[in-house]
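Chemist: Keeping their order, the protein sequence lines are chains S and X. The numbers in the first sequence follow numbering that gives the first Met the number 0, run straight up by one, and end at 346. The numbers in the second sequence follow numbering that gives the first Met the number 0, run straight up by one, and end at 291.
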Amino acid sequence: MESGIFFSDYRSDMALRRMPLQKVRTGLLLAGLVVFPFLATPYWLNLANQIAIATIGAIGLNILVGYTGQISLGQGAFMAVGAYGSGLLTVRLDVPFYLSIPAAAAITAVAGLVVGLPSLRLKGLYLAVATLAAQQIVEFVVTHWDGLTGGTEALVVPAPELFGARMNTDGRFYWILVIVALAVALFAANLFRSRVGRAWVAIRDQDIAASAIGVNVFGYKLLAFATSSFLVGLSGALLAHYRSIVTWERFTIEVSISYLAMIIIGGLGTISGSFFGASLIVLLPAMINTLGRSLQDTAPWAATVLPYVQQGVFGLVIILFLVLEPEGLAKLWRNVKDYFRVWPFSY
Amino acid sequence: MGSDVFLQLTVSGLSNGMVYALVAVGFVVIFKASDVINFAQGEFLLFGAYLAFAFIAQFGLPWSLGVLATLLTAAMIGLIVERLVLRPLIGEPVISMIMVTIGLSSLLRAVVNGIWGVRPKAFPNFIPSGEVEFLGAIVGIDRLLVIAIAAILLTVLTLFFRHTRDGIAMRAIADDQQAALSMGISIKRVLAVAWAMAAITAAVAGIMLANTVGVSHDIIFIGLRVFPVVILGGLDSLPGAIVGGGVIGLLESYTAGYTTSGLELIVPYIVLILVLMIRPYGLFGKEIIERV
Numbered sequence: 000m001e002s003g004i005f006f007s008d009y010r011s012d013m014a015l016r017r018m019p020l021q022k023v024r025t026g027l028l029l030a031g032l033v034v035f036p037f038l039a040t041p042y043w044l045n046l047a048n049q050i051a052i053a054t055i056g057a058i059g060l061n062i063l064v065g066y067t068g069q070i071s072l073g074q075g076a077f078m079a080v081g082a083y084g085s086g087l088l089t090v091r092l093d094v095p096f097y098l099s100i101p102a103a104a105a106i107t108a109v110a111g112l113v114v115g116l117p118s119l120r121l122k123g124l125y126l127a128v129a130t131l132a133a134q135q136i137v138e139f140v141v142t143h144w145d146g147l148t149g150g151t152e153a154l155v156v157p158a159p160e161l162f163g164a165r166m167n168t169d170g171r172f173y174w175i176l177v178i179v180a181l182a183v184a185l186f187a188a189n190l191f192r193s194r195v196g197r198a199w200v201a202i203r204d205q206d207i208a209a210s211a212i213g214v215n216v217f218g219y220k221l222l223a224f225a226t227s228s229f230l231v232g233l234s235g236a237l238l239a240h241y242r243s244i245v246t247w248e249r250f251t252i253e254v255s256i257s258y259l260a261m262i263i264i265g266g267l268g269t270i271s272g273s274f275f276g277a278s279l280i281v282l283l284p285a286m287i288n289t290l291g292r293s294l295q296d297t298a299p300w301a302a303t304v305l306p307y308v309q310q311g312v313f314g315l316v317i318i319l320f321l322v323l324e325p326e327g328l329a330k331l332w333r334n335v336k337d338y339f340r341v342w343p344f345s346y
Numbered sequence: 000m001g002s003d004v005f006l007q008l009t010v011s012g013l014s015n016g017m018v019y020a021l022v023a024v025g026f027v028v029i030f031k032a033s034d035v036i037n038f039a040q041g042e043f044l045l046f047g048a049y050l051a052f053a054f055i056a057q058f059g060l061p062w063s064l065g066v067l068a069t070l071l072t073a074a075m076i077g078l079i080v081e082r083l084v085l086r087p088l089i090g091e092p093v094i095s096m097i098m099v100t101i102g103l104s105s106l107l108r109a110v111v112n113g114i115w116g117v118r119p120k121a122f123p124n125f126i127p128s129g130e131v132e133f134l135g136a137i138v139g140i141d142r143l144l145v146i147a148i149a150a151i152l153l154t155v156l157t158l159f160f161r162h163t164r165d166g167i168a169m170r171a172i173a174d175d176q177q178a179a180l181s182m183g184i185s186i187k188r189v190l191a192v193a194w195a196m197a198a199i200t201a202a203v204a205g206i207m208l209a210n211t212v213g214v215s216h217d218i219i220f221i222g223l224r225v226f227p228v229v230i231l232g233g234l235d236s237l238p239g240a241i242v243g244g245g246v247i248g249l250l251e252s253y254t255a256g257y258t259t260s261g262l263e264l265i266v267p268y269i270v271l272i273l274v275l276m277i278r279p280y281g282l283f284g285k286e287i288i289e290r291v
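(1) Taking Pro-284(S) as part of the alpha helix (DSSP H), name the residues at either end of that continuous run.
(2) On a Cα-Cα basis, can you pick out the residue from Phe-344(S), Arg-17(S), Thr-67(S) and Asp-8(S) that is closest to Asp-204(S)?
(3) Based on Cα-Cα distance, which residue from Leu-273(X), Ala-202(X) and Gly-25(X) lies nearest to Ala-51(X)?
(4) Going by other Cβ atoms of all chains shown within 10 Å of its Cβ, with 16 needed for buried, is Asp-235(X) buried or exposed?
(5) Alpha carbon to alpha carbon, how far is Leu-98(S) from Gly-233(X)? Give it in angstroms, no decimals.
(6) Using a C-beta to C-beta distance shorter than 8 angstroms, which residues of chain X count as neighbours of Pro-325(S)?
(7) Quick one, are the C-beta atoms of Leu-238(S) and Gly-81(S) less than 9 angstroms apart?
(8) Given that Ile-318(S) touches chain X, what residues does it touch there, using C-beta distances under 8 angstroms?
(9) Taking Cβ to Cβ, would you say Ala-173(X) is nearer than 9 angstroms to Phe-122(X)?
(10) So Ala-132(S) contacts chain X; which residues on that side make the cut at Cβ distance below 7 angstroms?
(11) Mind pulling the chain X residues with CB within less than 8 angstroms of Val-128(S)?
(12) Let me check understanding here. Comparing Cα to Cα, which of Val-341(S), Gly-276(S) and Thr-289(S) lies closest to Thr-54(S)?
(13) List, in chain order, every chain S residue whose beta-carbon is nearer than 9 angstroms to that of Thr-252(X).
(14) Looking only at its own chain, which residues have a Cβ that is under 7 angstroms from the Cβ of Leu-112(S), when we skip the five neighbours before and after it?
(15) Counting only Cβ pairs nearer than 7 angstroms, list the residues of chain S close to Ser-260(X).
(16) Pro-284(S) CB to nearest chain X CB: under 9 angstroms?
(17) So which residues on chain S does Gly-113(X) lean against when the C-beta distance must stay under 8 angstroms?
(18) Could you check if Phe-344(S) is buried or exposed, using at least 16 other CB atoms within 10 Å of its CB as the buried criterion?
(19) Grab me the residues of Gly-256(X)'s own chain with a C-beta within less than 6 angstroms of its C-beta, minus the 5 sequence neighbours each way, in chain order.
(20) Checking the sheet assignment: what are the DSSP bridge partners for Ala-164(S)?
(21) At least one CB of chain S closer than 9 angstroms to the CB of Ile-172(X): is that the case?
(22) Return no unless some Cβ of chain S is closer than 9 angstroms to the Cβ of Ala-109(X).
(23) What first and last residue would you give for the alpha helix (DSSP H) that runs through Tyr-241(S)?
(24) Considering only the beta carbon of each residue, do Ala-187(S) and Ile-100(S) sit closer than 9 angstroms?
(25) For Val-245(S), which three-state DSSP category applies?
(26) Let me know the secondary structure DSSP gives Gly-139(X) once reduced to three states.
(27) Which partner residues does Glu-132(X) have in the DSSP bridge list?
(28) What residues are listed by DSSP as bridge partners for Val-274(X)?
(29) Does any C-beta atom of chain S lie closer than 9 angstroms to the C-beta of Leu-298(X)?
(30) Less than 9 angstroms between CB atoms is the rule here; does Arg-249(S) satisfy it with respect to chain X?
(31) Listed in chain order, which residues of the segment 55-85 of chain S have Cβ atoms closer than 7 angstroms to some Cβ of chain X?
(32) From this set, Arg-82(X), Ile-140(X) and Leu-45(X), which residue's C-alpha is nearest Leu-119(X)'s C-alpha?
(33) Which one or two residues does DSSP pair with Leu-154(S) in a beta bridge?
(34) Identify whether Lys-22(S) lies in helix, strand or coil by the three-state DSSP scheme.
(35) Take Ala-198(X) and list the residues in its own chain whose beta-carbon comes closer than 7 angstroms to its own, dropping the five residues that flank it on each side.
(36) Taking Leu-72(S) and Leu-124(S) to be in contact with their CB atoms under 8 angstroms, please state how far apart those CB atoms are, rounded to whole angstroms.
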């Protein structure tokens with residue numbers, strides 16, 4: 000903590016960013032986000048957009064897993080509901096995307112409530128297995144309900160239009176995604192300082208004690224499922240419009256796992272961790288790909304083992320973080336900040 | 000559609016169910032000893048199958064030696080996994096345990112695919128592939144062997160958990176790690192034994208699968224399909240694994256036989272959710288009463 004800073008009113012004491020350094024960092028971050036699309040190549044813009052979508056989904060999952068302690072392996076299923084919901088509303092009913100995306104997120108929230116019902120009786124491992132079952136059932140419904148989803152065929156979603164401009168390039172979509180992602184992060188950060196957020200943390204830390212001090216455990220668990228799935232559905236719906244194509248392969252159990260990996264690697268129960276984790280999980284395969292390509296001339300066999308290397312590194316990173324730094328990248332970032340806060344006079 | 004179809008479905012369902020049961024036993028051993036659900040069980044199967052393939056088909060060992068080498072290597076892998084991955088996490092929350100086994104599954108899968116590729120391989124069948132008629136239905140001999148091996152494993156493991164020092168220590172640790180520690184039980188030793196045993200069981204199941212369905216990547220999915228089996232039977236119950244395997248196998252077989260739209264893929268999961276809602280500890284599992 001810095002010393003010599005005095006708050007003379009409640010407003011500044013309660014502010015989300017209280018310290019001068021925090022304000023500087025936030026300003027730098029915002030400036031960076033505004034400047035980025037003018038400097039970046041399309042390749043990096045594409046990656047940035049993927050990170051933004053993943054961050055929204057990871058924050059959603061973090062609400063459920065990191066804050067409320069309810070393990071979910073159904074992330075892919077919820078994203079599917081959001082993506083197909085918004086896609087079908089646009090394609091079949093001609094709903095504009097700025098209405099269909101929130102509508103799809105709301106539908107996903109209802110789905111989340113249904114999947115959350117078993118949490119009345121189940122926790123920990125058993126809840127994880129129940130959500131795994133939900134994931135399999137949703138996957139089955141999506142691939143077999145040909146009349147609604149088109150089954151295993153891809154659903155083509157037209158590029159959205161806003162203010163007469165077609166949002167069909169990475170550069171244009173970037174603004175939508177960044178604004179939504181920032182809004183979600185701000186919403187979540189404030190949510191965790193509220194009555195609801197505190198109740199969730201109480202349930203995570205000790206549910207019986209929470210109910211003893213008057214927290215309605217089941218009600219708040221359901222609320223966590225609904226809020227979390229709303230954001231996850233939002234991320235799925237954005238993905239549908241960004242990719243302009245929806246296929247079931249994007250929403251398998253593998254997706255659930257990679258989102259869990261994001262929040263574990265980033266740090267459970269932190270907003271910044273959701274962003275760090277999402278960035279790492281999106282960038283890691285891309286970097287390995289680039290590395291493999293650059294090796295192509297010296298070692299032609301590199302290309303054939305590339306997918307396995309990506310998969311192996313993914314697993315290895317999860318294991319290493321769990322063993323060496325269970326609090327994730329958010330903790331590492333905190334260490335860096337702590338180090339420089341009193342630098343060079345650390346003693 | 001008559002009684003002969005029903006009989007054939009019953010027999011094939013039961014024999015499939017016994018394959019599931021064989022896989023489920025590995026889950027149960029680890030859960031009984033450490034309260035961990037091993038999401039990498041499918042990859043352990045895969046490793047077992049490919050190791051057997053490597054020893055018998057690639058190195059040309061006679062099958063008895065090949066199987067022995069496979070089991071020993073599998074035990075080594077189990078020990079290494081326990082030492083490097085699971086032991087640092089003793090006492091960590093459930094989510095860490097789940098995620099670490101998921102990470103492990105990704106890593107193991109990459110290793111297997113990196114070494115042997117993803118194309119299915121022809122396994123040199125060392126089990127006679129004939130068929131026998133049983134109550135008017137046709138059963139492969141390999142399936143009968145699966146049933147016999149499942150029965151033997153079940154008996155051996157039941158005796159192990161009832162009568163040996165390590166087996167009783169495993170149950171004590173699963174019940175309460177701290178109390179077990181204070182009674183002088185070495186958690187490290189017991190967990191190492193448990194993972195080695197689970198890897199060996201998985202290798203046995205993997206070899207049997209390699210014989211019945213071939214050496215291919217699809218073996219992994221059997222690891223996921225076994226969740227309904229262990230939940231139905233009870234996560235800490237060996238007889239439960241057998242009964243659960245039989246019931247799920249039959250259910251799949253009947254749905255596949257009497258309906259058309261591929262419903263058998265999700266019927267086990269619907270059963271799983273129903274069981275979780277009504278009896279979360281399964282048919283034979285021990286009911287856990289939570290105290291603060």
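No residue lacks a Cβ here, since even glycine has one placed at the ideal position from N, Cα and C.
Modeler: Taking the geometry as given:
(1) As a first step, residue 284(S) must be located in the first sequence, where it is residue number 285. Where Pro-284(S) is concerned, the enclosing alpha helix (DSSP H) stretches over 270-293.
(2) Taking the first sequence and counting its residues from 1, the one referred to as residue 204(S) is at position 205. Answer by Cα proximity: Thr-67(S).
(3) Taking the first residue of the second sequence as 1, we reach residue 51(X) at position 52. Among Leu-273(X), Ala-202(X) and Gly-25(X), the Cα nearest to that of Ala-51(X) belongs to Ala-202(X).
(4) Walking along the second sequence from the start, residue 235(X) turns up at place 236. Classification for Asp-235(X): buried.
(5) As a working note, residue 233(X) is residue 234 in the second sequence. As a working note, residue 98(S) is residue 99 in the first sequence. When rounded, the distance between both Cα atoms is 46 angstroms.
(6) Walking along the first sequence from the start, residue 325(S) turns up at place 326. Chain order gives the chain X residues near Pro-325(S) as Glu-91 and Ser-95, where near means a beta carbon separation below 8 angstroms.
(7) Counting from one through the first sequence, the residue named residue 238(S) turns up at place 239. Counting from one through the first sequence, the residue named residue 81(S) turns up at place 82. Contact flag set, yes.
(8) Residue mapping note: residue 318(S) aligns to position 319 of the first sequence, counting from 1. Correct list: Val-84, Val-99, Gly-102, Leu-103 and Leu-106.
(9) Here residue 173(X) corresponds to residue number 174 of the second sequence, with the count starting at 1. Here residue 122(X) corresponds to residue number 123 of the second sequence, with the count starting at 1. No, they are not a contact pair.
(10) Start at 1 with the first residue of the first sequence, and residue 132(S) comes out as number 133. What Ala-132(S) touches in chain X: Tyr-268, Leu-271 and Ile-272.
(11) In the first sequence, counting from the first residue as 1, residue 128(S) sits at position 129. Here the neighbours are Ile-36, Phe-226, Ile-230, Leu-271 and Leu-275.
(12) Within the first sequence, numbered from 1, the residue matching residue 54(S) stands at position 55. For Thr-54(S), the nearest C-alpha among the options comes from Gly-276(S).
(13) To locate residue 252(X), count along the second sequence from 1; it is residue 253. First, the residue type needs correcting, since residue 252(X) is Ser and not Thr in the sequence shown. Going along chain S, no residue has its Cβ under 9 angstroms from Ser-252(X), so there is no contact; the nearest lies around 18 angstroms.
(14) The count along the first sequence starts at 1 and reaches residue 112(S) at position 113. These residues qualify, in order along the chain: Leu-221, Phe-224 and Ala-225.
(15) Start at 1 with the first residue of the second sequence, and residue 260(X) comes out as number 261. Among the residues of chain S, those whose CB is under 7 angstroms from the CB of Ser-260(X) are His-143, following chain order.
(16) Against the first sequence, residue 284(S) aligns to sequence position 285. No, Pro-284(S) lies away from the interface with chain X (no Cβ there is under 9 angstroms from its Cβ).
(17) For the purposes of this step, residue 113(X) is identified with residue 114 of the second sequence, where counting begins at 1. Within chain S, the residues near Gly-113(X) are Val-304, Tyr-307, Val-308 and Gly-311.
(18) Position 345 of the first sequence, counted from the start, is the residue given in the question as residue 344(S). Per the 10 Å Cβ criterion, exposed.
(19) Taking the second sequence and counting its residues from 1, one reaches residue 256(X) at position 257. Once the five neighbours on either side are set aside, the close Cβ partners of Gly-256(X) are Leu-8.
(20) Locating residue 164(S) in the first sequence gives position 165, counting from the first residue. Answer is Leu-161(S).
(21) Along the second sequence, read from residue 1 onward, the residue named residue 172(X) stands at position 173. Cβ-Cβ to chain S under 9 angstroms: no for Ile-172(X).
(22) In the second sequence, residue 109(X) corresponds to position 110, counting from 1. At least one chain S Cβ lies under 9 angstroms of Ala-109(X).
(23) To locate residue 241(S), count along the first sequence from 1; it is residue 242. Note, Tyr-241(S): alpha helix (DSSP H), 216-242.
(24) Sequence index remark: in the first sequence, residue 187(S) carries index 188 (1-based). Sequence index remark: in the first sequence, residue 100(S) carries index 101 (1-based). No, they are not a contact pair.
(25) Taking the first residue of the first sequence as position 1, residue 245(S) is located at position 246. Val-245(S) falls in the strand class under three-state DSSP.
(26) Position 140 of the second sequence holds residue 139(X). Gly-139(X) falls in the strand class under three-state DSSP.
(27) In the second sequence, residue 132(X) corresponds to position 133, counting from 1. For Glu-132(X), which the question treats as bridged, DSSP gives the partners Ile-137(X).
(28) Mapped onto the second sequence, residue 274(X) falls at position 275. Answer by DSSP bridge pairing: none, since Val-274(X) is not bridged.
(29) Nothing about residue 298(X) can be read from this structure; chain X reaches only from 0 to 291.
(30) Taking the first sequence and counting its residues from 1, the one referred to as residue 249(S) is at position 250. At a cut-off of 9 angstroms between C-beta atoms, Arg-249(S) does not count as an interface residue with respect to chain X.
(31) Val-64 and Ile-70
(32) Along the second sequence, read from residue 1 onward, the residue named residue 119(X) stands at position 120. The question names Leu, but residue 119(X) is Pro in the sequence shown. Nearest of Arg-82(X), Ile-140(X) and Leu-45(X) to Pro-119(X), Cα basis: Leu-45(X).
(33) The residue given as residue 154(S) occupies position 155 in the first sequence. Per DSSP, Val-245(S).
(34) Indexing the first sequence from 1 puts residue 22(S) at position 23. In this structure, DSSP gives Lys-22(S) a helical state, which the three-state scheme calls helix.
(35) Translated into the one-based positions of the second sequence, residue 198(X) becomes position 199. Once the five neighbours on either side are set aside, the close Cβ partners of Ala-198(X) are Phe-43, Ala-73, Ala-74, Ile-76 and Gly-77.
(36) What you label residue 72(S) is simply residue 73 of the first sequence in a count that begins at 1. What you label residue 124(S) is simply residue 125 of the first sequence in a count that begins at 1. The Cβ separation is near 11 angstroms, so there is no contact.
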